[in-house]
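Residue numbers (this note's numbering): 1471 to 2052.
All remarks here apply to the structure that follows.
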C-alpha cells in the first residue's frame, strides 16, 4: 500500500486507525498506459478508476472524490488534458494532479505547474517513479484535508464563542477579544498557505512564516536552520528577535556535527531538555531564560532531517504549550511544502539544461565518428593485410559502431524516445561483454574466472545499455589491476542476507531480482571515497573523465535495477549489479 512501509512516505499522524484505500483516477487515451498504471497502483492496494477522454473523466469526478488524478497532457484529437485541472479544482480543490507527458522540456513543466499540476511523470517511466509520485500526491491531499479540517474546527470554535457572547453579556469584552485572536489565527493560516506557495526566495518564505507565526503565538525570538544534505553543511540560517542569533549559531553547529542530537525539545512540564543540549542552550540564551521558554521542532521530509525551527518565549511569560506546538507544527508543514516545490522546480531546470548540453555535444561527435568507421571499413575492404591486423580493424569497427549507438542515445537524451525492456539471456550478455573487454584482460595479464549460476537465467532489460554497463565495470576492474590479478564474474539467482538488505534499501522487492558480482583484486578504494564513486566526474585516473561508473548507476536505474559496491584497500573491489527477472 501507499503507506509508511514505503520509506519515501511520511508516517501518518493517526497510526491507530486503518487507512482507507487511496482512490486514483487515470486519464489517458492510450489503453496500454492506462493498463500499466492501473496494474502498478492496484499492486499498491489503490482503488483505480479509468477514463480515456475528458468527458469520461468529468463523469468519474462528478460521481465521487479522488485522492489523486493522473492526467496525460495530450489526449486524443484536439483535447488538451491540462484543461481538466481548473475544472477539477473548482469541485475538488485539494485533489493533486500528476501530469504524464512524453516530452521532457521545461515548457511542458512550467505550463503544467502554472495550470495547477502538483507533479509530472515523463515517459518512459518505471514502477518506482509512479509509486513515489502518487505516494507524494496522496500524502499532499491527506495533509490538505487535515489542514482544512483544522480550519473548520477553528471556525466552529469561533461560532461557539460568538453564541456564548450573546448568552453572557457580562463577559462580552473578554469573549470578543478571544474571537479577535481566533480570527487573527485563521487569517494568518490562510496567509501562511499563500506565503508557502509564493514565488519568492526560501529566506523570504521563512521570514514571512515567522511574521505570521507572531500573529498566532506570543514569542520573543525565532530561529530556522536548514541543512544541505548533499553539501553536508548549513544551507540557511535565519534568526529573528532577541537572543535568537546566538541560538541559531548553536543549533547550526550542533546540526552540522550530529543531526541525531536535535529532537523535539521542551516536551516535559518542567522544560527538561534532551540530547545533551542544555548547557549549550543556556549559554546561548543566558541564565535568565529557563528551558521552558524554548521549543525546537525538526523539519522532516520522508524521514530525512532537513533542519530545525525554534521559538523563544520570555522567561516571565507562560511556557510554550501544546497549542503552541500545534501552531508551530502547522507552520512547519507549509514551510516543507514550499521547500519541496522549490526543490522540484530546481531539479527540473537543471535536468533540462544538462539534457540540452549533452545532446549538443553528442551531435557534434556524430560526424567524425562516422568518418572514422568509414575509413576503417576502407582499410578492411581495400588492403591486403594479415589476419591479426584484420582482427584489430574489425574490433575497431565494432567499437566505433557501439560508440555511434551511445552517441545516438545521448542525442536523444533531451527528448528521449520510448525504449522497451525485453527478455535477455544474462550469461550470453556477460560473455559478450567479456569478449569485448578481452583486450584489457589479456594485455593486463589478468586471470578470468566465471562463477555462473546453474541454468540459463533471463533478465528484463535494455540490451545495449546493459552491455555498456558491464563493459564499464569490467574495464574499471582491469584498470585497477595494472600489475595483473584475478577478475571474478559471479551470477546469483537466489538472493538473501545482505542482498535482500540492499534491495529493500533501494525500495526493490528481493524476490524479483538476479545479481551479477564483478570482483577484482586491485588496490581497493579508500572508505572516504566510497560515496563519491558513482558521482559524475569522479575518477582516480589522471586521463579519466569520471563518467563510466556514473553511467553504470544511470543505466541500472533505467533498467529498474540497482548497483552497490564493496571495497577494501589492499584487497580489491566488488560491484554488485541487481537486475529484474523476467
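Beta carbons are placed, not taken as given, at the ideal position from N, Cα and C, and that holds for glycine.
Could you name the residues of the same chain whose beta carbon sits closer than 7 Å to that of residue 1888, not counting the 5 residues immediately before and after it, in chain order? At residue 1888 the pLDDT is 44, less than 50, meaning the model places this residue with poor confidence; the figure from the coordinates comes in the next sentence. Closer than 7 Å at the Cβ level, and outside the excluded window around residue 1888, lie 1593 and 1594.
Cβ pair residue 1910, residue 1948 closer than 7 Å: It is a contact, given that the beta carbons lie within the stated cut-off.
So residue 1955 and residue 1898 are supposed to be a Cβ contact under 8 Å. How far apart are they, rounded? With a contact defined as Cβ atoms closer than 8 Å, residue 1955 and residue 1898 miss out at about 26 Å.
Quick one: what does DSSP say residue 1587 is sitting in, helix, strand or coil? It is coil, neither helix nor strand.
From the DSSP output, in three-state form, read off residue 1951 for me. Coil at residue 1951, not helix or strand.
Here's the rule: buried if 16 or more other CB atoms are within 10 angstroms of the residue's CB, otherwise exposed. What is residue 1606? It is buried - the Cβ of residue 1606 has at least 16 other Cβ atoms within 10 Å.
Assuming residue 1544 and residue 1568 form a contact by the criterion Cβ under 8 Å, report the distance between their Cβ atoms to the nearest whole angstrom. About 15 Å separates the CB atoms of residue 1544 and residue 1568; that is not less than 8 Å, and the two are not in contact.
Look at residue 1990 and residue 1957 and say whether their C-beta atoms are less than 7 Å apart. Yes, these two residues count as a Cβ contact at 7 Å.
Going by the DSSP bridge assignment, what does residue 1569 pair with across the sheet? BP columns for residue 1569 point to 1541 and 1590.
So residue 1969 is in the beta strand (DSSP E); what residue range does that whole segment cover? For residue 1969, there is no enclosing beta strand (DSSP E); the enclosing alpha helix (DSSP H) has its first and last residue at 1968-1975.
Per-residue burial, residue 1525 [other beta carbons within 10 Å of its own, 16 or more giving buried]: Result: exposed.
Where do the ends of the alpha helix (DSSP H) carrying residue 1504 lie? 1501-1513 is the extent of the alpha helix (DSSP H) around residue 1504.
Taking 6 Å as the limit between beta carbons, can you name the residues of its chain near residue 1535, skipping five residues before and five after? Taken in chain order, the residues that qualify are 1562.
Contact check, residue 1515 vs residue 1491, beta carbons under 7 Å: Yes; because the gap between Cβ atoms is below 7 Å, this pair is in contact.
For residue 1946, count the other beta carbons within 10 Å of its own beta carbon; 16 or more makes it buried, fewer makes it exposed. Which is it? Residue 1946 is buried by the Cβ-count criterion.
Quick one: what's residue 2050 bridged to in DSSP? Looking at the DSSP assignment, residue 2050 forms a beta bridge with 1983.
Using CA atoms only, rank isn't needed, just tell me which of 2026, 1912, 1987 and 1996 is closest to residue 2044. Comparing Cα-Cα distances from residue 2044 to each of 2026, 1912, 1987 and 1996, the minimum goes to 1987.
Could you give the DSSP three-state label for residue 2039: helix, strand or coil? Three-state DSSP puts residue 2039 in coil, outside helix and strand.
Would a C-beta distance cut-off of 7 Å place residue 1597 and residue 1687 closer than the cut-off? No.
Using a Cβ-based criterion (distance less than 6 Å to any ligand heavy atom), does residue 1567 qualify as near the ligand FAD? Within the structure as shown, the ligand FAD is missing, as the structure has no ligands at all.
Alpha carbon to alpha carbon, how far is residue 2051 from residue 1894? Near 9 Å, if we compare the C-alpha coordinates of residue 1894 and residue 2051.
Is residue 1941 helix, strand or coil when you go by DSSP? Under the three-state reduction of DSSP output, residue 1941 falls in the helix class.
Quick one: what does DSSP say residue 1961 is sitting in, helix, strand or coil? Of the three classes helix, strand and coil, the one that applies to residue 1961 here is strand, per DSSP.
Quick check: the Cα distance between residue 1929 and residue 1867, rounded to an integer number of angstroms? Roughly 28 Å between the two C-alpha positions.
Give me whichever residues DSSP pairs with residue 1891 in a beta bridge. Beta-bridge partners assigned by DSSP to residue 1891: none are found.
Do residue 2040 and residue 1994 have their C-beta atoms within less than 7 Å of each other? Going by C-beta atoms, residue 2040 is nearer than 7 Å to residue 1994.
Since residue 1519 sits in a beta bridge, which residues does DSSP pair it with? Residue 1519 pairs with 1495.
Grouping DSSP H, G and I as helix and E and B as strand, with all else coil, what is residue 1577? Note: residue 1577 maps to helix in three-state DSSP.
Between which two residues does the alpha helix (DSSP H) harbouring residue 1554 extend? That run of the alpha helix (DSSP H) goes 1554-1561.
What's the call for residue 1747, buried or exposed, on a 16-neighbour Cβ count within 10 Å? Note that residue 1747 scores a pLDDT of 49, beneath 50, so its modelled location is shaky; the value from the coordinates is reported in the next line. That one is buried.
Taking all protein chains shown into account, do 16 or more other C-beta atoms lie within 10 angstroms of the C-beta of residue 1966, making it buried, or fewer, making it exposed? The residue in question, residue 1966, is exposed, as its Cβ has fewer than 16 Cβ neighbours within 10 Å.
Exposed or buried, residue 1985, counting other C-beta atoms within 10 Å across all chains shown (16 or more means buried)? The Cβ neighbour count for residue 1985, taken over all protein chains shown within 10 Å, is at least 16; the residue is labelled buried.
For residue 1627, which of helix, strand or coil comes out of DSSP? Helix at residue 1627.
Inter-residue Cα distance where the pair is residue 2020 and residue 1571: Their Cα atoms are separated by approximately 26 Å.
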